[in-house]
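In full-length UniProt numbering, the protein residues as written are 1 to 211. Cβ coordinates follow ideal geometry from the N, Cα and C atoms, glycine included. So the structure is just underneath, and the comments pick up after that.
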Amino acid sequence: MVFVLPVGWLVVRLADRAPQYARTERPRDGFFVRWRWRSQAVPFINAAAWGLTAYAGHQLDRITLALVLLHTSILLLILVVDAETRLIPDVVIWPAILFACLAIPLDSRVAFPNALLAGVGGFLTFFLLAVLTRGGFALGDANLALYIGLITGHPDVWRALIYGIFIGGGIIVVLLLMRRVTLKTYVPYGPFLCLGAWLALLLQISGRGVG
């Protein structure tokens, strides 16, 4: 756990290097940038998330717990990047997917066929949603659902995605009531899916998951 703050700072540095930050046509008006607190807060948010994750998964073997902690930080990285740029860039999500695939044989929570089934199922579900909603969801969300499926497995992937949808819906309703957004405002859904995935991971490793 001595690496928890350095890993949090690494999340910040990786977010800074997301290629979308160099694109001037996208206004940098995300929540984290607007309030100028990300560089200071994210390492401590990561530390708090690691603490809760370690507490929930205290019965896991060390390798599996270490992998879950790394997945927690990856979810935080994706959350920050999508919240600020409104995109989940390939340079962020595909290394995460590759890492998830390589880590499965070392992870005692889920077998590879199960994780692959969950990942493909999550991807196809959100790819279909992206087609049907015509902009409500994007391909980046489908790729994120693939990653979430790989790290949670079946059937917990569905719990994770449903949590994310409900968290996002609830927050958007509150923002609408506060008149912070309108029905035409694009709100990235990736951060909510990341929160739902982390919550599902906590329930899974604490023995309260469905799978």
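Backbone secondary structure at residue i - three-state DSSP
i	result
V33	Residue confidence for V33 is low, a pLDDT of 48 falling below 50, so the modelled location carries little weight; the figure read from the coordinates is stated next. In the structure shown, V33 sits in a helix (DSSP, three-state: H, G or I).
G135	coil
Q59	coil
R17	coil
R180	coil
L87	coil
G153	coil
Y147	helix
T185	coil
T24	Summary for T24: the model assigns pLDDT 39, below 50, so the residue's position carries little reliability; its value from the coordinates is reported in the next sentence. Three-state DSSP puts T24 in coil, outside helix and strand.
Residue i: first and last residue of the uninterrupted alpha helix (DSSP H) it sits in
i	result
P95	D90 to A103
A200	G190 to I205
V110	That residue, V110, is in no alpha helix (DSSP H); it is neither H nor E in DSSP.
Cβ neighbours of residue i in the same chain (closer than 6 Å, five flanking residues each side left out)
i	result
Q204	D156
A115	I104, L150 and G153
P95	none
I63	L106
8 Å CB neighbourhood of residue i in its chain, flanking five on each side removed
i	result
T72	N46, A49, W50, T53, W198 and L201
V11	V42, P43, N46, S73, L76, L77 and V80
Contact set for residue i: own chain, Cβ-Cβ below 7 Å, skip 5 residues either direction
i	result
A142	F123, F126, F127 and A130
G168	Y189 and F192
residue 215	Examination of residue 215 is not possible in this model, given that the chain is present from 1 through 211 alone.
L144	I78, I88, I93, G190 and L193
Contact with chain D by residue i, beta-carbon distance below 8 Å
i	result
I45	In the structure shown, chain D cannot be found, because there is only a single protein chain.
- [ ] For the region 119–132 and the region 80–88, state whether three or more C-beta atom pairs, one from each stretch, are separated by less than 8 Å.
- [x] no
Open item on the list: Pairs of beta-carbons, one from the region 86–97 and one from the region 125–137, closer than 8 Å: are there three or more?
Closed with: no
TODO: Report yes or no: do the region 139–152 and the region 95–113 share at least 3 C-beta pairs separated by less than 8 Å?
DONE: yes
Task: Contact between the region 55–64 and the region 174–181 (3+ Cβ pairs under 8 Å) - done: no
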